[in-house]
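Q: Respectively, the protein sequence lines represent chains A and B.
Position 105 of the first sequence, counted from 1, bears residue number 104 in numbering that gives the first Met the number 0, the numbering being contiguous throughout.
Position 225 of the second sequence, counted from 1, bears residue number 224 in numbering that gives the first Met the number 0, the numbering being contiguous throughout.
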Amino acid sequence: MKRTVIFVLLIFLAALAAGETLTTVTLTQMAGIAQGLDEEPMITGAGTGKVSFMSAGNRDVKAELSLSAVIGQTSLIDIEKAYIKARFPAFRTLVGKTRLSWGDGFFFNAGDVIFGSTNPLADLTGDEIRTDTLWIASAFIPLGRFSFAETVVVPPQIDVAYEFIRQTNARIEEEPYLPPAPAADSAWAGARIQGKIAQIKTEGGYLYKGSEGSHRPYISAQGNLYVDWYASASATLSDGTSSGRDILDSSLLSFGLFHIAKPSRNITLNLRIEGLVSPGGRWQEGTDLSAPGSNADYYGVYLYPEISAGFPGSRNLFLRGVYSPIDSSGLVTAGASWNIYQGFSVLGYATLQAGEDTDQFCVKRYSGYAITMGIKYVY
Amino acid sequence: MKQIAVFLMAAVTVLSAQALSPEDIITRMEDNQVHDNARAEGRMLTTDKFGTIERTFISYSRGSDESLIEFTSIEEAGQKILRTENEIYLYFPDAEELIRLQGAALRDSVMDSDFSYEDMTGEGGILDDYKVFLEEDETVDGHLCYVIRMEAKRRSVPYQLQRIWVDKELFAYRRAHRYSKAGTLLKEMQITRIETINGKHIPMDFIMSDKMKKDSQTVFTLDSLELGIRLDDSLFSVDELTW
Numbered sequence: 000m001k002r003t004v005i006f007v008l009l010i011f012l013a014a015l016a017a018g019e020t021l022t023t024v025t026l027t028q029m030a031g032i033a034q035g036l037d038e039e040p041m042i043t044g045a046g047t048g049k050v051s052f053m054s055a056g057n058r059d060v061k062a063e064l065s066l067s068a069v070i071g072q073t074s075l076i077d078i079e080k081a082y083i084k085a086r087f088p089a090f091r092t093l094v095g096k097t098r099l100s101w102g103d104g105f106f107f108n109a110g111d112v113i114f115g116s117t118n119p120l121a122d123l124t125g126d127e128i129r130t131d132t133l134w135i136a137s138a139f140i141p142l143g144r145f146s147f148a149e150t151v152v153v154p155p156q157i158d159v160a161y162e163f164i165r166q167t168n169a170r171i172e173e174e175p176y177l178p179p180a181p182a183a184d185s186a187w188a189g190a191r192i193q194g195k196i197a198q199i200k201t202e203g204g205y206l207y208k209g210s211e212g213s214h215r216p217y218i219s220a221q222g223n224l225y226v227d228w229y230a231s232a233s234a235t236l237s238d239g240t241s242s243g244r245d246i247l248d249s250s251l252l253s254f255g256l257f258h259i260a261k262p263s264r265n266i267t268l269n270l271r272i273e274g275l276v277s278p279g280g281r282w283q284e285g286t287d288l289s290a291p292g293s294n295a296d297y298y299g300v301y302l303y304p305e306i307s308a309g310f311p312g313s314r315n316l317f318l319r320g321v322y323s324p325i326d327s328s329g330l331v332t333a334g335a336s337w338n339i340y341q342g343f344s345v346l347g348y349a350t351l352q353a354g355e356d357t358d359q360f361c362v363k364r365y366s367g368y369a370i371t372m373g374i375k376y377v378y
Numbered sequence: 000m001k002q003i004a005v006f007l008m009a010a011v012t013v014l015s016a017q018a019l020s021p022e023d024i025i026t027r028m029e030d031n032q033v034h035d036n037a038r039a040e041g042r043m044l045t046t047d048k049f050g051t052i053e054r055t056f057i058s059y060s061r062g063s064d065e066s067l068i069e070f071t072s073i074e075e076a077g078q079k080i081l082r083t084e085n086e087i088y089l090y091f092p093d094a095e096e097l098i099r100l101q102g103a104a105l106r107d108s109v110m111d112s113d114f115s116y117e118d119m120t121g122e123g124g125i126l127d128d129y130k131v132f133l134e135e136d137e138t139v140d141g142h143l144c145y146v147i148r149m150e151a152k153r154r155s156v157p158y159q160l161q162r163i164w165v166d167k168e169l170f171a172y173r174r175a176h177r178y179s180k181a182g183t184l185l186k187e188m189q190i191t192r193i194e195t196i197n198g199k200h201i202p203m204d205f206i207m208s209d210k211m212k213k214d215s216q217t218v219f220t221l222d223s224l225e226l227g228i229r230l231d232d233s234l235f236s237v238d239e240l241t242w
């Protein structure tokens, strides 16, 4: 069976390679030192590889297959994207594994009700921080040049390997010991509409999460008043939600300001500050937040400041972090990149958590500090 | 007799050319260089002391206000820039993210080149945005040019002051200098190749130097250009941008 799957995959890849396909390979090799378990420093080193096959040549049908792998002593291969989309006169449709960007916000986005861009514990070293993908089916309906409606269905995400074991066991044993596959009513479904009102980009939407039995409406807006500004708000309504207080406790508000400045002849500065407010989160210090499990284990407010500087010769520096004002702890990441030759870059990152043992961030924790350097080549 | 006729024709031509106002020159230049519909394929080569980085693209434009650029080079494949009216939208396919640029963000450079997003995506009608003044003629690369100083009518235009050199024979740009309000030279554009397509004289190769950067320049080359083609209205929309 395993050989058959590999054979079919190879035929698929060969077919892609033979057709009109744009192939992109990204290799990244990083190595460094970081806080390990038991507060002992550990050596880190791993390579990542990504191969993307994108269809070309048909203006009305597009497809992409992106495979990524983390390569250490053992390797972990993932399908980042695998989708087909087709365009018809009045609408277009997409089926497969990819990402949809709902709401506004770079790090904190309360409007991202599908992927949930609100977790303050994140790796800040990437160009894109929120890159999760899901298997989805979506339809996009243009309503004007700058307005559209979009619907989405997120079926239960089936773990193929797990399902294979489950079905194999079902054939061997009368009653498999593994639990059944996800039920159809655990799917998610929703829609959004986006347009412009008085030069302000405005968006509203809703997602029903069958797996949680919750309803998640949201609104989002983006505009410019000397600096670019954006804000999103969402709430989670479930069977247990009965009062205005419950709705307030389940709500999330994110906001951000962004500005580009040129302080000297050779430097371009990008300045960004974002915030996340969760009325239902914790507003007093004292609870052990070393291993948060649910939203109630996070504080009620976080800030995300970021400053990045671009220099001539494709050299960039950035400093970004997450600050928890309630327990005065934080995470800061400094990064540098230099695109020396076509597709070839040198990268370096340093991350430090600052806080006490029971705080949201603490240097003694696993990866409480990390310094990594490496190279990346895209071809 | 024939010599007299030729002389008279030449005199009339010179007199009529001399009589052109700066507004007439701009109008004739825009008639020559602004197209109802156009599709182009080209390259953007950014050079510094380590070498050259090439980015390829396909662009579509309608008039002077609407354009869509899609990058086709491997590292940037699928990234798009849409300009319409006073806004610029960026689309990044990896993150499936649509970003709307306004205000100062429009002056950021495109992929670390010497072009800003506004430079890449053109500008509105010159006479709507600038008061124009004719200066002394000058010669650029052996071509006699009108020199026109352009002063912005409002603060929201990308450059408050510009000086352009317009070929007196072809009515096409030969050179452009773009200044800050204080008169500091910000960018210099030099046209190195002009081709005649469908009777219009089109700059095909030009060099942009950002004077705020040291030792940096970007060469912009159009490998092909089609004019007067049919473009669907939906091409300049969020639908096409995120497709």
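Where is the CB? At the ideal position from N, CA and C, for every residue including glycine.
All values reported here derive from a predicted model rather than from experimental measurement.
Which value, in whole angstroms, describes the spacing of the CA atoms of residue 313(A) and residue 338(A)?
A: For the purposes of this step, residue 313(A) is identified with residue 314 of the first sequence, where counting begins at 1. For the purposes of this step, residue 338(A) is identified with residue 339 of the first sequence, where counting begins at 1. Taking the straight line from one Cα to the other gives about 5 Å.
Q: Measuring CB to CB, does residue 252(A) end up less than 8 Å from residue 226(A)?
A: The sequence position of residue 252(A) within the first sequence is 253, counting from 1. The sequence position of residue 226(A) within the first sequence is 227, counting from 1. Their beta carbons are not under 8 Å apart, which means residue 252(A) does not touch residue 226(A) by this criterion.
Q: Residue 58(B): which of 163(B), 78(B), 28(B) sits nearest, CA to CA?
A: The count along the second sequence starts at 1 and reaches residue 58(B) at position 59. With distances taken between Cα atoms, residue 58(B) lies closest to 78(B).
Q: Pick helix, strand or coil for residue 25(B), following the three-state DSSP scheme.
A: In the second sequence, counting from the first residue as 1, residue 25(B) sits at position 26. It is helical.
Q: For residue 147(B) versus residue 68(B), is the C-beta distance shorter than 8 Å?
A: Along the second sequence, one-based indexing puts residue 147(B) at 148. Along the second sequence, one-based indexing puts residue 68(B) at 69. Cβ atoms of residue 147(B) and residue 68(B): not closer than 8 Å.
Q: CB residue 47(A) to CB residue 24(A), shorter than 8 Å?
A: Working through the first sequence from its first residue, we reach residue 47(A) at position 48. Working through the first sequence from its first residue, we reach residue 24(A) at position 25. No; because the gap between Cβ atoms is not below 8 Å, this pair is not in contact.
Q: Which residue wins for smallest C-alpha separation from residue 278(A), given the options 64(A), 214(A), 249(A), 263(A)?
A: What you label residue 278(A) is simply residue 279 of the first sequence in a count that begins at 1. When each option's Cα is compared against that of residue 278(A), the closest is 249(A).
Q: Look at the Cβ atom of residue 85(A), then the Cβ atom of residue 50(A), and state whether they are nearer than 8 Å.
A: The residue given as residue 85(A) occupies position 86 in the first sequence. The residue given as residue 50(A) occupies position 51 in the first sequence. No.
Q: Mind pulling the chain A residues with CB within less than 8 Å of residue 97(B)?
A: In the second sequence, residue 97(B) corresponds to position 98, counting from 1. Residues of chain A passing the Cβ test: 100.
Q: Would a C-beta distance cut-off of 8 Å place residue 233(A) and residue 217(A) closer than the cut-off?
A: In the first sequence, residue 233(A) corresponds to position 234, counting from 1. In the first sequence, residue 217(A) corresponds to position 218, counting from 1. Yes, they are a contact pair.
Q: What residues from the region 198-223 of chain B come within 7 Å of chain A, judged by C-beta to C-beta, listed N to C?
A: Under the 7 Å Cβ criterion, the region 198-223 of chain B contributes 211, 212, 213, 215.
Q: Beta carbons nearer than 9 Å to chain A: which residues of the region 131-155 of chain B have them?
A: If the cut-off is 9 Å between Cβ atoms, the region 131-155 of chain B has nothing near chain A.
Q: Any C-beta of chain B sitting closer than 8 Å to the C-beta of residue 309(A)?
A: One-based indexing of the first sequence puts residue 309(A) at position 310. The beta carbon of residue 309(A) falls within 8 Å of a beta carbon belonging to chain B, placing the residue at that interface.
Q: Between the Cα of residue 311(B) and those of 173(B), 88(B), 30(B), 72(B), spot the shortest distance and give me the residue it belongs to.
A: Within the shown structure, residues of chain B are numbered from 0 to 242, placing residue 311(B) beyond reach of any answer.
Q: Taking any Cβ of chain B, which residues in the region 223-257 of chain A have a Cβ under 8 Å from it, in chain order?
A: 223, 225, 226, 227, 257
Q: Could you list the residues in the region 336-362 of chain A with a C-beta less than 8 Å from some C-beta on chain E, going in chain order?
A: Among the protein chains of the structure shown, namely A and B, there is no chain E.
Q: Under three-state DSSP, which class holds residue 233(B)?
A: On the second sequence, position 234 is the one that residue 233(B) refers to. The answer is helix: DSSP assigns residue 233(B) an H, G or I state.
Q: Could you tell me which of 122(A), 284(A), 242(A), 190(A) sits nearest to residue 149(A), measuring between CA atoms?
A: Along the first sequence, one-based indexing puts residue 149(A) at 150. Nearest C-alpha to residue 149(A): 190(A).
Q: Do the CB positions of residue 56(B) and residue 45(B) come within less than 8 Å of each other?
A: The residue labelled residue 56(B) in the question sits at position 57 within the second sequence. The residue labelled residue 45(B) in the question sits at position 46 within the second sequence. The answer is no: Cβ separation not under 8 Å.
Q: Could you spell out where the beta strand (DSSP E) holding residue 325(A) opens and where it closes?
A: By 1-based counting over the first sequence, the position of residue 325(A) is 326. Neither: residue 325(A) is in no beta strand (DSSP E) and is coded neither H nor E.
Q: Is the shortest distance between the beta-carbon of residue 70(B) and the beta-carbons of chain A less than 8 Å?
A: Taking the first residue of the second sequence as 1, we reach residue 70(B) at position 71. Output row for residue 70(B): interface = no.
Q: Write down the C-beta distance between residue 326(A) and residue 359(A) rounded to the nearest angstrom, noting that I regard them as a contact closer than 8 Å.
A: Within the first sequence, numbered from 1, the residue matching residue 326(A) stands at position 327. Within the first sequence, numbered from 1, the residue matching residue 359(A) stands at position 360. So it is a contact: roughly 6 Å between Cβ atoms.
Q: Mind reading off the beta-carbon distance from residue 102(A) to residue 211(A)? Whole number of angstroms is fine, and I expect it under 8 Å.
A: Translated into positions along the first sequence, residue 102(A) becomes position 103. Translated into positions along the first sequence, residue 211(A) becomes position 212. Actually they are not in contact, since the Cβ atoms of residue 102(A) and residue 211(A) sit about 19 Å apart, beyond 8 Å.
Q: If we ignore side chains and look at the alpha-carbon of each, how far apart do residue 34(A) and residue 192(A) end up?
A: As a first step, residue 34(A) must be located in the first sequence, where it is residue number 35. As a first step, residue 192(A) must be located in the first sequence, where it is residue number 193. Residue 34(A) and residue 192(A): Cα-Cα distance of roughly 45 Å.
Q: For residue 219(A) and chain B, any beta-carbon pair shorter than 8 Å?
A: For this step, residue 219(A) is matched to residue 220 along the first sequence. For residue 219(A), the closest Cβ of chain B is not nearer than 8 Å.
Q: Candidates 188(A), 301(A), 219(A), 119(A): which alpha carbon is nearest residue 138(A)'s?
A: If you number the first sequence from 1, residue 138(A) lands on position 139. Per the Cα distances, 188(A).
Q: Just list the beta strand (DSSP E) runs in the region 49-83 of chain A, keeping only unbroken ones of 3 residues or longer that don't cross its boundaries, in chain order.
A: 60-70
Q: Determine the closest residue to residue 219(B) out of 19(B), 182(B), 21(B), 53(B), with distance taken between C-alpha atoms.
A: As a first step, residue 219(B) is located in the second sequence; it is residue number 220 there, counting from the start. Ranking 19(B), 182(B), 21(B), 53(B) by Cα distance to residue 219(B) puts 53(B) first.
Q: Taking 8 Å as the cut-off, decide whether the C-beta atoms of residue 83(A) and residue 55(A) are in contact.
A: As a working note, residue 83(A) is residue 84 in the first sequence. As a working note, residue 55(A) is residue 56 in the first sequence. Taking 8 Å as the Cβ cut-off, residue 83(A) and residue 55(A) do not qualify as a contacting pair.
Q: Who are the neighbours of residue 378(A) on chain B, taking C-beta pairs under 8 Å?
A: Here residue 378(A) refers to the residue found at position 379 of the first sequence. 73, listed in chain order.
Q: Flag residue 281(A) as yes if its beta-carbon sits less than 8 Å from any beta-carbon of chain B, otherwise no.
A: Translated into the one-based positions of the first sequence, residue 281(A) becomes position 282. It does not; no Cβ of chain B falls within 8 Å.
Q: For residue 333(A), which option in 122(A), 282(A), 144(A), 140(A) has the closest C-alpha, if you only look at C-alpha atoms?
A: Numbered from 1 along the first sequence, position 334 holds the residue referred to as residue 333(A). Per the C-alpha coordinates, the member of 122(A), 282(A), 144(A), 140(A) positioned closest to residue 333(A) is 122(A).
Q: Please list the partners that residue 144(A) has in chain B, where partner means a Cβ-to-Cβ separation under 9 Å.
A: Start at 1 with the first residue of the first sequence, and residue 144(A) comes out as number 145. Chain B residues near residue 144(A): 83, 232, 233, 235, 236, 237, 238.
Q: What are the residues of the region 29-56 of chain B that lie near chain A, defined by any Cβ-Cβ distance shorter than 7 Å?
A: 47, 49, 50, 52, 53
Q: Thinking C-alpha only, which one of 195(B), 42(B), 86(B), 117(B) is nearest residue 236(B)?
A: Locating residue 236(B) in the second sequence gives position 237, where the first residue counts as 1. The shortest Cα separation from residue 236(B) among 195(B), 42(B), 86(B), 117(B) belongs to 86(B).
Q: Does the Cβ-Cβ distance between residue 208(B) and residue 180(B) come in under 8 Å?
A: Locating residue 208(B) in the second sequence gives position 209, where the first residue counts as 1. Locating residue 180(B) in the second sequence gives position 181, where the first residue counts as 1. No, these two residues do not count as a Cβ contact at 8 Å.
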